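Comments concern the structure below.
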Amino acid sequence: MARPQLPETSPGQLRAKQAWNAGLIGTGRDSAGLPVVAPCTVGACASPAVSDQAPAAGLVQVAGSADGAAAHWYCNGRCAAIARARAELRTIPTRPGGDR
Ligand SMILES: [Zn+2]
Numbered sequence: 004m005a006r007p008q009l010p011e012t013s014p015g016q017l018r019a020k021q022a023w024n025a026g027l028i029g030t031g032r033d034s035a036g037l038p039v040v041a042p043c044t045v046g047a048c049a050s051p052a053v054s055d056q057a058p059a060a061g062l063v064q065v066a067g068s069a070d071g072a073a074a075h076w077y078c079n080g081r082c083a084a085i086a087r088a089r090a091e092l093r094t095i096p097t098r099p100g101g102d103r
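Take 4 as the starting number for the sequence shown in my numbering and just add one per residue.
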């Protein structure tokens with residue numbers, strides 16, 4: 004799906020567009036048909052870490068945030084990276100003084 008955009012028809016706009024495209028002209032290639040959000044298909048992914056034993060092979064334990072969120076097991080890779088990022092985001096206070 005192409006996003007809407009204003010027409011770029013003036014000579015200056017066309018020159019700027021060509022400079023931006025490193026001199027290339029014509030229509031660009033189609034965007035990759037990859038979904039932005041892909042559901043994880045690993046059943047034990049995101050299960051709470053009740054012990055140090057991984058519930059399935061290939062899972063890594065990701066610590067929760069310092070404010071008490073529990074640690075969980077995630078697939079090594081995309082899911083674990085997202086979980087680590089979420090834990091980091093939870094450490095950012097949203098109000099002065101640290102309250103949420
Ligand atoms: Zn996963």
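All C-beta atoms in this analysis are idealised placements derived from N, C-alpha and C, irrespective of residue type, glycine included.
Predicted model only: the values in this text are computed from it and were never measured.
- Between residue 55 and residue 32, the alpha-carbon positions lie close to 47 Å from each other.
- Rounded to the nearest angstrom, the Cβ distance from residue 75 to residue 49 is 5 Å, consistent with a contact under 8 Å.
- CA-CA distance, residue 64 to residue 44, rounds to 18 Å.
- In this structure, ligand 1 has a non-hydrogen atom nearer than 7 Å to the beta-carbon of residue 45.
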